[in-house]
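Quick note, the sequences are listed as chains V and W, same order.
Residues are numbered in the working numbering as their position in the first sequence, beginning at 1, plus a constant of 45.
Residues are numbered in the working numbering as their position in the second sequence, beginning at 1, plus a constant of 147.
For each residue, glycine too, the CB sits at the ideal point set by N, CA and C.
Take a look at the structure below.
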Amino acid sequence: MEGARGFRAKTISRREFLRRAGTAGFGIGAAGALGSLSISCGGQQGSEGPAPKGTKVSGELTLVYLGTAEQQEAWKALFELFREDYPDVQLNAHGIPADNWSAFFDTVSTQIAGGKVPDVVQVATEGQRLFASRGLALPIDEYIERDKDYIEEYYNDIHPNLVEWNKKYSSLDGNTYYLPGEFNTMCVWYNMQLFQEVGVDEPTDDWTWDDFLSAAQEITRPGEVYGMHVPPEYFTGIMPWLLTNGASTLNDEWTESTVDTPQSVETFEFMRSLVEKKVSPSPGGTFDPFSATAQGKLAMFGGGRWPVINMRDLDFVEEMKIVAWPQSEGKGSPVGWNGYPIMKESQNTEAAWAFVKFIASKRSSEYFARQGGTIVPPRRSVAISDAFLSTAPEGSEKLYEALDYATPIPSPNEGSVIEREIIDTTTQILAGNVDTKAALGRLDRTIQSELE
Amino acid sequence: MSEHSNTEAGSPPTSSRAGSWRKRLLPPKRREKLSPLKRREAISAYAFLSVPLLLFLVFLGGPLVATLGISLLEWDLLTPPEFNGFDNYGQMLSDLTARAAIRNTFVFTFWSVVLHLGFGLLLALAVNRAMPATLRYVLRTVYFFPLIISWAAVALIWRYILDPNFGFLPYYLEKLGLALPNVLVSPDWAMPALIFVDFWRTIGFTFIILLAGLQGIPSHLYEAAKIDGAGALQRFWYITIPMLSPTLFFATVVTFIGAFQIFEPMFIITQGGPGDATRSIVMNIYETAFRSFEMGYASAQAVVVFLVIMVITLIQIGLSRYWVHYE
């Protein structure tokens with residue numbers, strides 16, 4: 046299944062959807078009040094609160110999720126599982142075959158604008174706070190209270206950090222809108238064969254930036270083989286380096302920019318040096334790390350769970366291994382997770398809640414792990430089980446272990462604009478067009494003015 | 148206005164001046180009785196006209212009027228629109244991104260017109276020389292060919308060609324000792340690169356039009372000039388340019404309008420970046436409308452683009468009197 050980090054190309058403005066959908070939400074509220082919207086019918090409306098426990102769930106249910114044509118196959122099979130559990134619910138799942146979240150959100154918000162309001166939407170960390178703050182989502186606290194035993198079992202099986210982060214960051218008004226779902230962290234994927242051929246020691250989980258640099262340089266043959274791919278992408282390319290150097294883009298509360306601290310400047314200079322030394326290809330091209338890896342032209346790239354699909358397609362799973370990101374100040378990784386908010390305007394919140402619980406169930410979690418592959422299941426019992434680890438590179442469990450030290454991807458309401466600025470500045474730094482320190486100073490002021 | 152002209156129309160002409168303009172502008176008012184054949188002809192003419200007219204009204208006239216109206220609103224498609232007068236137009240003055248986009252569009256348009264007209268004419272002259280018909284046919288096809296490739300494909304082709312890591316252009320230039328910068332992420336080079344790619348794709352159109360114009364110049368004019376002792380340059384200046392001027396004028400207007408509405412290469416190749424270095428005004432309109440959902444502001448920008456194109460085209464038409472010669 047496609048998930049929070051299931052993107053590769055542009056990670057820009059994934060949140061933009063929420064900003065828009067947020068605006069849309071007000072409209073829907075107004076339009077709904079006028080009775081001009083009629084959406085799926087069935088159960089009772091959201092504002093009335095949950096029905097007594099054990100109420101039979103039926104009616105229509107509409108879900109919007111992100112998935113390419115191939116991924117939709119896996120989803121469809123998953124929905125069959127849901128239909129087995131809830132035969133009276135007519136589930137209409139709309140997969141949007143977008144390349145990235147930005148495009149996905151574009152489509153969803155246009156649909157909402159056109160009056161097609163789904164019951165449940167897939168929303169990644171980047172959009173959760175904004176989504177909640179716009180009053181689009183239904184608070185689910187009463188449902189959690191009603192199905193306490195079920196939720197407790199779920200929370201006991203997922204990483205406590207995930208529960209805590211979800212509470213701290215996903216909404217600020219004290220209500221709960223999301224159960225923390227599948228997630229992605231960042232580790233280094235490396236071509237073990239290439240390391241052995243060149244005679245470089247394989248990395249360990251404690252390796253440092255220096256270890257990394259010397260290994261990468263030994264493998265690099267300028268213009269032919271690259272040691273590492275350093276893309277100007279927020280989650281996959283920038284955050285892991287910052288976090289392993291004790292830096293980040295924003296402070297812990299997501300209220301202030303920290304992009305021009307000495308550690309941050311040092312991080313960007315290090316990233317630039319990797320391009321300068323031709324350890325990494327330059328930005329602005331069409332470099333595809335996955336095919337380059339399979340062709341033996343790239344030794345390492347950063348990734349969460351999603352490259353496994355490409356590696357399976359390229360028949361290259363056996364050659365790959367996964368290891369924690371090299372560290373300078375300490376271990377670090379960004380983390381983002383999925384939520385499945387129920388829309389306030391949903392006419393069938395019971396069925397929507399049933400779906401949210403289904404997604405969190407062990408049965409569906411195991412299914413995701415085996416089939417979809419692009420995201421780490423939130424349940425520990427699944428993430429370190431054979432369902433997740435087989436037909437995946439050695440070290441895949443490190444993605445779950447990264448939850449011990451990961452940092453939620455900074456995602457304030459203004460995130461989409463900020464993210465675009467960060468990516469743009471990083472591209473300029475990596476390409477060597479600007480002075481790193483000066484560029485980060487400008488970026489800092491831009492971010493700060495956005496946040497204020 | 149209407150009241151005034153109604154009175155005027157209803158009363159006899161008060162001065163010979165009023166009479167003269169009316170004579171010039173209005174057809175004589177006489178109700179002719181149409182013969183059945185003429186009536187049938189008229190009906191079928193209107194029938195033929197009705198389809199394009201309907202299409203025009205639905206797809207151009209209607210949206211144009213709607214855009215004018217929407218530009219005075221604050222509207223996100225969902226909440227009821229609010230009237231906010233000319234605020235959207237005022238917003239453009241302080242919007243740095245919109246200003247950058249307008250500036251970029253003018254830069255792009257200037258170079259596009261200069262390059263298309265200049266090189267289009269050179270190519271047309273070259274192909275118009277005496278040469279085997281087959282060769283001319285091949286050349287014509289070759290130059291025109293890129294135009295039939297969709298922008299998406301062109302964008303991809305050039306992204307590969309210019310790729311800083313394995314693109315063949317940087318590779319061979321480096322072999323020649325010329326280091327090509329990372330053009331698509333360079334604030335200085337991205338726009339020239341897009342101007343070039345656009346030139347490569349659309350030069351065939353200007354070329355074909357100008358070639359057709361050249362081929363329409365009667366050869367006896369050149370022969371007569373030759374006999375009179377005119378040199379090649381004189382023949383070009385005194386025969387080719389005047390005879391080609393209607394075509395040149397048409398090509399200028401069309402190239403200008405097309406260039407000012409440029410969208411695809413910016414949107415696909417550079418996404419308007421780095422920074423706002425390649426953002427065009429039409430791309431900005433799109434993003435304002437469908438990324439920020441500010442329909443009013445986007446419409447106001449569209450109206451400004453419309454006005455700019457109209458004014459500049461009118462100026463060109465006005466100036467054409469001095470240099471365009473219709474036989």
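Could you have a look at residue i and say whether DSSP puts it in helix, strand or coil?
i, result
"V/G72", "In this prediction, V/G72 has a pLDDT of 37, which is less than 50 and means its spatial position is unreliable; nothing more can be read from the coordinates."
"V/M345", "strand"
"V/N290", "coil"
"V/N498", "Nothing in the structure corresponds to residue 498 of chain V, since chain V is present only between 46 and 497."
"V/Q493", "helix"
"W/F396", "helix"
"V/T452", "strand"
"V/S302", "strand"
"V/A182", "strand"
"W/L262", "helix"
"W/L391", "helix"
"W/G465", "helix"
"V/R350", "coil"
"V/T253", "strand"
"V/R317", "helix"
"V/V270", "strand"
"W/V455", "helix"
"V/E61", "Its pLDDT being 44, under 50, V/E61 is placed unreliably in this model, and the coordinates cannot settle the point."
"V/G486", "helix"
"V/R424", "strand"
"V/E105", "strand"
"W/M442", "helix"
"V/E464", "helix"
"W/V429", "helix"
"V/A169", "strand"
"V/Q340", "coil"
"V/A78", "Low confidence applies to V/A78: its pLDDT is 32, below 50, so where it sits in the model is not reliable enough to give any reading."
So, are the CB atoms of residue i and residue j less than 8 Å apart?
i, j, result
"V/R424", "V/K402", "no"
"V/V270", "V/L485", "no"
"W/A245", "W/N431", "yes"
"W/P334", "V/N478", "yes"
"W/W347", "W/P311", "no"
"V/V109", "V/F228", "no"
"W/P393", "W/A337", "no"
"W/L181", "W/A189", "yes"
"V/D246", "V/T221", "no"
"V/L475", "V/I367", "no"
"W/S218", "W/S427", "no"
"V/Y188", "V/W398", "yes"
"V/I454", "V/T170", "yes"
Pull up the DSSP beta-bridge partners for residue i, would you.
i, result
"V/Y110", "V/G140"
"V/Y235", "V/M345 and V/K366"
"V/W382", "V/F228"
"W/E220", "It is Leu, not Glu, that sits at residue 220 of chain W in the sequence shown. BP columns for W/L220 point to W/F230."
"W/A189", "According to DSSP, W/A189 bridges with nothing at all."
"V/M388", "V/A182"
"V/A395", "According to the sequence as given, residue 395 of chain V is Glu; it is not Ala. DSSP lists no partner for V/E395."
"V/Q372", "V/T253"
"W/E370", "Answer is none; W/E370 lacks a bridge partner."
"V/E118", "Looking at the DSSP assignment, V/E118 forms no beta bridge with any residue, so it has no partner."
Using 8 Å for Cβ pairs, my map puts residue i next to residue j. What's the rounded Cβ distance?
i, j, result
"V/N379", "V/P276", "In the sequence on display, residue 379 of chain V carries Pro and not Asn. Not a contact, Cβ separation roughly 14 Å."
"W/A271", "W/L358", "4 Å"
"W/A398", "W/I386", "The Cβ separation is near 18 Å, so there is no contact."
Looking at the ligand MN, does it come within less than 7 Å of residue i, judged from the CB to the closest heavy atom?
i, result
"V/G381", "In the structure shown, the ligand MN is absent, as is every other ligand, since no ligand is present at all."
Answer yes if the segment 439–459 of chain W comes into contact with the segment 342–350 of chain V, meaning at least three C-beta pairs across the two stretches below 8 Å, and no otherwise. As far as the Cβ criterion goes, the segment 342–350 of chain V does not touch the segment 439–459 of chain W, which means the pair count is below three.
Specify whether the segment 424–436 of chain V and the segment 409–416 of chain V touch according to this definition: at least 3 beta carbon pairs, one from each stretch, less than 8 Å apart. Yes, the segment 424–436 of chain V is in contact with the segment 409–416 of chain V.
For the pair the segment 319–326 of chain W and the segment 227–238 of chain W, tell me if three or more CB-CB distances fall below 8 Å. The answer is no - the segment 227–238 of chain W does not touch the segment 319–326 of chain W, with fewer than three Cβ pairs under 8 Å.
Count Cβ pairs between the segment 377–394 of chain V and the segment 248–256 of chain V that sit closer than 8 Å; are there 3 or more? Counting Cβ pairs under 8 Å, fewer than three are found: no touch.
Hey, is the segment 338–349 of chain W in contact with the segment 401–415 of chain W, meaning 3+ C-beta pairs nearer than 8 Å? Using a C-beta cut-off of 8 Å, the segment 338–349 of chain W makes contact with the segment 401–415 of chain W, since at least three inter-stretch Cβ pairs fall below that distance.
Touching by the beta-carbon criterion (3+ pairs, under 8 Å), the segment 432–449 of chain V and the segment 255–274 of chain V: As far as the Cβ criterion goes, the segment 432–449 of chain V does not touch the segment 255–274 of chain V, which means the pair count is below three.
Does the contact criterion of 3 or more C-beta pairs under 8 Å hold for the segment 171–183 of chain V versus the segment 204–221 of chain V? Contact between the segment 171–183 of chain V and the segment 204–221 of chain V is present, because at least three Cβ pairs lie under 8 Å.
Three or more C-beta pairs under 8 Å: does that hold for the segment 345–362 of chain W against the segment 256–269 of chain W? With contact defined as three or more Cβ pairs closer than 8 Å, the segment 345–362 of chain W and the segment 256–269 of chain W are in contact.
Contact between the segment 330–341 of chain V and the segment 350–369 of chain V: three or more CB pairs below 8 Å? Segment contact: the segment 330–341 of chain V against the segment 350–369 of chain V, three or more CB-CB distances shorter than 8 Å; contact assigned.
May I ask you to verify whether the segment 319–330 of chain V touches the segment 287–306 of chain V, counting CB pairs closer than 8 Å and requiring at least 3? As far as the Cβ criterion goes, the segment 319–330 of chain V does not touch the segment 287–306 of chain V, which means the pair count is below three.
Can you find at least 3 beta carbon pairs, one from the segment 382–390 of chain V and one from the segment 179–189 of chain V, that sit closer than 8 Å? The segment 382–390 of chain V makes contact with the segment 179–189 of chain V: 3 or more CB pairs, one atom from each, lie closer than 8 Å.
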